[in-house]
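Chemist: Residue numbers (my numbering), protein chains in the order written: chain S, 1 to 312; chain G, 1001 to 1660.
Beta carbons: idealized from backbone N, C-alpha and C, even for Gly.
Quantities reported herein were computed from a predicted structural model and do not represent experimental measurements.
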Amino acid sequence: MSEATTEDVGIDELRRTHLKQLEAEAIHIMREVVAQFERPVMLYSIGKDSSVMLHLARKAFHPGRLPFPLLHVNTTWKFREMIEFRDRIAEELELELHEKINPRVVEEGINPFDHGSQGYTTIAKTDALKQALTEGRYDAAFGGARRDEEKSRAKERVFSFRDSKHRWDPKNQRPELWSLYNGRVNKGESIRVFPLSNWTELDIWQYIYLEDIEIVPLYYSAERPVVERDGTLIMVDDDRFRLEEGEEPELRSVRFRTLGCYPLTGAVESTADTLPRIIQEMLLATNSEREGRVIDYDAQGSMEDKKREGYF
Amino acid sequence: MSHQSDLIATDIEGYLAEHEDKDLLRFLTCGSVDDGKSTLIGRLLHDSHMIYEDQLEAVKADSTTQGSTGGELDLSLLMDGLKAEREQGITIDVAYRYFSTKRRKFIIADTPGHVQYTRNMVTGASTAQLAVVMVDARHGVLPQTKRHSTIAHLLGIKHVVVAINKMDLVDWSQQAFDQIRKEYEQFTAELGATFDAYFLPMSALTGDNVVNPSENMPWFDGVPLMEHLETVDVASDRDYDRLRLPVQLVSRPDLDFRGFQGTIASGVLRPGDRVTVLPSGVSSTIERIVTFDGDQDLAGPGDAVTVTLTDEIDVSRGDVFVHDPKSMQRAHKVDAMLVWMAETPLRTGASYLLQSTGGLSNAHVPTIRYQLDMDTLDRVEPEKLELNSIARVAVEVDREFLFDPYERNRTTGSFILVDRLTNATVAAGMVVGKSSAWDQEAIETLQRAVSLVTPTERATRFAQQPATILLTGLTGAGKSTIAKALERRLFDSGRVTVRLDGQNVRQGVSRDLGFTAPDRSENVRRVAEVGRLLNDQGIIAIAAMLAPDAEDRERARDVVGSHRFIEVHVDTPMEVCRERDPGGLYSALENGAVIDLPGVSSTYDRPTDPDLVTTDWDRTADEAAEEIVDLMRERGMLRGGTPAPADDPDGGEVNTGRPD
Ligand SMILES: Nc1nc2c(ncn2[C@@H]2O[C@H](COP(=O)(O)OP(=O)(O)O)[C@@H](O)[C@H]2O)c(=O)[nH]1
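(1) Could you give the distance in angstroms between the alpha-carbon of S/V158 and the alpha-carbon of S/F194?
(2) Measuring alpha carbon to alpha carbon, tell me which residue in S/I89, S/F161, S/F241 and S/A26 is nearest S/D114.
(3) Can you pull out the residues from the segment 36-67 of chain S whose beta carbon lies closer than 8 Å to at least one beta carbon of chain G?
(4) Output yes or no for whether 7 Å exceeds the beta carbon distance between G/R1330 and G/E1407.
(5) Would G/T1603 count as contacting chain S if we go by Cβ distances under 7 Å?
(6) Taking a cut of 7 Å between CB atoms, which residues from the segment 21-35 of chain S lie near chain G?
(7) Name the chain S residues whose beta carbon is nearer than 7 Å to that of G/H1019?
(8) In the DSSP assignment, find the alpha helix (DSSP H) that holds G/M1374 and state where it starts and stops.
(9) What's the C-alpha gap between G/Q1537 and G/T1454?
(10) Can you pull the chain G residues whose beta carbon is under 7 Å from the beta carbon of S/K209, in chain order?
(11) Measure from the C-beta of S/W178 to each C-beta in chain G and report whether the shortest distance is under 7 Å.
(12) For G/N1388, which of helix, strand or coil comes out of DSSP?
(13) Got a sec: is the Cβ-Cβ distance from S/H115 to anything in chain G below 7 Å?
(14) Please look up how many angstroms separate the CB atoms of G/I1416 and G/A1427, rounded, as I've assumed it's under 8 Å.
(15) Just how far apart, CA to CA, sit S/L71 and G/S1389?
(16) Is the beta carbon of G/A1131 sitting closer than 7 Å to the one on G/I1164?
(17) Taking the continuous beta strand (DSSP E) assigned at G/I1164, which residues delimit it?
(18) Tell me the rounded alpha-carbon separation between G/G1584 and S/V34.
(19) Reducing DSSP to helix, strand and coil, say where S/L275 ends up.
(20) May I ask whether a heavy atom of ligand 1 can be found less than 6 Å away from the beta carbon of G/G1207?
(21) Give a yes or no on whether 7 Å exceeds the smallest Cβ distance from S/Q280 to chain G.
(22) Go to G/T1010, then tell me how far its alpha helix (DSSP H) extends in each direction, as first and last residue.
(23) Any Cβ of chain G within less than 7 Å of the Cβ of S/L93?
(24) Three-state secondary structure (DSSP) at S/G183?
(25) What residue does the beta strand (DSSP E) around G/G1502 start on, and which one ends it?
(26) In or out: G/L1082 buried (at least 16 other Cβ within 10 Å) or exposed?
(27) Distance check for G/S1414 and G/Q1174, CA to CA, integer angstroms please.
(28) Would the C-beta of G/A1189 count as close to ligand 3, meaning under 6 Å from any of its heavy atoms?
(29) Where does G/H1682 fall in DSSP's three states?
(30) Within the segment 116-160 of chain S, note down every full beta strand (DSSP E) run reaching 3 residues or more, in order along the chain.
(31) When you measure from the CB of S/D114 to every non-hydrogen atom of ligand 1, does any distance come out below 6 Å?
(32) Quick one: what's G/R1288 bridged to in DSSP?
(33) Of the choices G/L1200, G/C1030 and G/I1108, whose alpha-carbon is the least far from that of G/Q1144?
(34) I want to see whether chain G comes within less than 7 Å of S/P112, judged by CB atoms only; does it?
(35) Would the segment 1357-1377 of chain G and the segment 1294-1306 of chain G be scored as touching if the rule is three or more Cβ pairs under 8 Å?
(36) Can you name the start and end residues of the beta strand (DSSP E) that G/F1260 belongs to?
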């Protein structure tokens, strides 16, 4: 028996860095989902967290292919570069990618200008997501949310239970012990799975850097046409953007800390065009990541309300 | 997120390189309401610069409207999550927080200290390597402190920081600190916990000894909390010796590849290792350890791996790869500590789903053995098991359950119970071991009659400290012969002994028992109990019996009390035993008889850590007995005494030849 013991190995060789440990945990979670569920799906938002999640999934099932499809909820107001990136990655990695657009958005021309950020998000994002999950009869959906993103997420489970209406009830969540994840659901119910729960923004960036993961170029600084509204820099990504009186897009060196719908995502002025420089800016920054998302401004605890309704 | 390092601004790549190598510590904070837990966590985050200004602004605003610090910055407000809780001013769930320093990334499981604390704390503790137990310096060790520590102990946490907080309110008094430390140490001794405990005087409010050393307490020479968290050694908590690789998934991307995927719970794995898959018991060899980043030549605890084998054998989800197939236990019925987590109480006898690394099985709880009263820590007779109660129970699993005792392995020793209808997780379980007669509790109403003669009086009269000497070994090893020689010697030097020979015991006390493994186990238990009775009355017991099961011998040690127990391995080579063949069993077996003969047709667990190894083969039985006497003398069991000649009381006994 060639049993290796600490005597001939040495603990040092088995020491794992925090990122290796987080990676192993995420892989464990993903495998658990594939083993326990019949129809898992990965919600792919094209952002950096999704890119990390996808990378981890490829690791988890290597040398096999991903045993589930990717689902992108397209509000139709995403940055063009996001969609290009999405399609290229899907092709290069031979991914099964589904796109979901809420028909109402197209039929009624729903947009963030006329319908307000709240109303628009509900229809284009939350409703679309619910429709896609119901149509696909998915019983588990991976999401790239992290607990450090927002106060109300600190208590989120890795396996987060949703009722048949995709609603999240804070009182109806299961205690989660050890690495035993209870994925039992009745028909119509589902679980949202967050394999990146224990990652912080810094972990994500550092992992992207170390693993050389490709991300949407919008994260890197470049000259982009923007207008300034209420102190927020908004990129004019296409001609659907409604300029107000006196507004004139100007080229500025900007980048994005998070990516969403372009009219609702604030850019930051920056010259950081490499990963180390982005990380540097992040570390020196004094404001939290979600600040760039217009959607959170509404009220304290608004994320929580969104979650109850079914948006993450 | 201004991690404070000049490198960030001057040399970001250098900074990143420095942070690449960090490791991870998961810890738990527990304390009663108002002990200062939220303030402490807020301060750790604040002082390690993990709080953004916009978050801080929000807290400042909240401090004025909701804070309890009279408008000053109330760091505890950073810590509350959900709206409802914020309004009630309490936290009612486990919240996870993150911060990091140059050396480590930290995951804090923040658990509240009131009503629902058991469920939440158990949840948080299940993944924690260290617990910070908050004690208010003004109040000292309270019942809550004890409960929290008991749970930490139960969940297998090895490292504890006893954070004695609010030292500013007791004038930074060393005396107060020392007093609490003493109380806490006394308590953990009672609890039987062997924590690696760090006692720390602190003020979360002023920051003394949180991140920066306290100037107010020059008498304290330890490091502040942060440094302790950064340096406490947790790597050696891991078990690198016993391989456990539970299979999560079988990967079959194409006809040529068949890999088994899972996370190594313990032990170390290399290509070329001979492994056995349990429960089937089929063996094979590890061919490759496959990862996305190339094949690995070594994998260890916590690694998520894919392995391939050199042979095509049946392996499915829930199976476990091990090196030593005998090292893992299996049983249909196990004893476990169970924490009840649902509103509806446990229904004994009802069917639940048991989820473990072995997958899902049907299980029920036939018996609650006792409940832990969380106020007194006494064992009480339970009426029913309700939300937040902890009990020792028997669990019956409908297919053989593969496990390690939780004490040895937190992954392969744990399980959850799931309600079949609601699918809710209703309980968390930690396996103690196989259920057997050893676990049977005596009837509660019985009372122990206390002798009027004290142990000291007996020790003086008999000139000895009582002990139970267990001579274990194969059939024909010479156990009985050495036992008799030992008895002679002790008797001749005036000691009072009783010899419990396996053969004799079987003709009386254990007449009802056969030779199956459970019966042998019960026989050992009875002899151990008799040994204890004798020891309680000052008498030395000499037990000569095969006792092939290591666990039985361990349990015998527990029954007798480890300070009184001497395990002697009579280690005579198998050839010699065969040659001697006292009852003709070896030859009978060779001739095709079906007998359970430990060491030949069933297992004899060689003692791994006996108190003494001897034999009567290359030395005389008398010399062997002398070695035992020497050991007893060394342990202070034989003091003074006058030789008093006497005859052998029960000379002519029959040797039936059956192994006991
Ligand atoms: N004087 C003093 N007060 C403290 C200290 N730590 C916490 N407090 C105060 O004790 C109260 C309760 O603290 P909090 O952190 O909310 O306790 P929790 O319930 O354990 O989270 C608050 O008013 C804190 O400001 C300390 O070290 N010294």
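Modeler: With the given structure in hand:
(1) In a straight line, the C-alpha of S/V158 is about 5 Å away from that of S/F194.
(2) The candidate whose alpha carbon is nearest that of S/D114 is S/F241.
(3) In summary, the residues of the segment 36-67 of chain S whose CB is separated from some CB of chain G by less than 8 Å are R58, K59, A60, F61, H62, P63, G64 and R65, in the order they occur in the chain.
(4) Going by C-beta atoms, G/R1330 is not nearer than 7 Å to G/E1407.
(5) Taking a beta-carbon distance threshold of 7 Å, G/T1603 does not count as an interface residue toward chain S.
(6) Taking a C-beta cut-off of 7 Å against chain G, the contacting residues of the segment 21-35 of chain S are Q21, A24, I27, H28, R31, E32, V34 and A35, listed in chain order.
(7) What G/H1019 touches in chain S: Q206.
(8) Premise fails: G/M1374 is in no alpha helix (DSSP H) and is neither H nor E.
(9) Spanning the alpha carbons of G/Q1537 and G/T1454 requires a straight line of approximately 9 Å.
(10) The displayed chain sequence assigns Tyr, not Lys, to residue 209 of chain S. For a Cβ distance threshold of 7 Å, residue set L1016 of chain G lies close to S/Y209, ordered along the chain.
(11) Yes, S/W178 lies at the interface with chain G (some Cβ there is under 7 Å from its Cβ).
(12) Three-state DSSP puts G/N1388 in coil, outside helix and strand.
(13) Using beta-carbon distances, S/H115 does not count as an interface residue toward chain G, since no partner is under 7 Å.
(14) About 7 Å separates the two Cβ atoms, so the contact holds.
(15) Pairing S/L71 with G/S1389, the inter-Cα distance amounts to about 43 Å.
(16) Cβ atoms of G/A1131 and G/I1164: not closer than 7 Å.
(17) Per DSSP, G/I1164 belongs to the beta strand (DSSP E) from H1159 to N1165.
(18) So the two alpha carbons sit approximately 58 Å from each other.
(19) Per DSSP, reduced to three states, the secondary structure at S/L275 is helical.
(20) The closest heavy atom of ligand 1 lies 6 Å or more from the beta carbon of G/G1207.
(21) Interface residue, yes.
(22) Note, G/T1010: alpha helix (DSSP H), D1006 to T1010.
(23) No, no contact with chain G.
(24) S/G183 sits in coil when the DSSP states are folded into three classes, being neither helix nor strand.
(25) Element bounds for G/G1502: not the beta strand (DSSP E) but the alpha helix (DSSP H), G1502 to Q1507.
(26) Its pLDDT being 41, under 50, G/L1082 is placed unreliably in this model, and the coordinates cannot settle the point.
(27) Their Cα atoms are separated by approximately 41 Å.
(28) Among the ligands modelled here, namely ligand 1, ligand 3 does not occur.
(29) The shown model of chain G, from 1001 to 1660, leaves out residue 1682 of chain G, and the question about it has no answer.
(30) Counting only runs of 3+ residues, the beta strand (DSSP E) found wholly inside the segment 116-160 of chain S occupies 140-142, in chain order.
(31) Relative to ligand 1, the beta carbon of S/D114 is positioned no closer than 6 Å to any heavy atom.
(32) Answer is G/T1308.
(33) Nearest C-alpha to G/Q1144: G/C1030.
(34) No, S/P112 lies away from the interface with chain G (no Cβ there is under 7 Å from its Cβ).
(35) No, they do not touch.
(36) Note, G/F1260: beta strand (DSSP E), G1259 to T1263.
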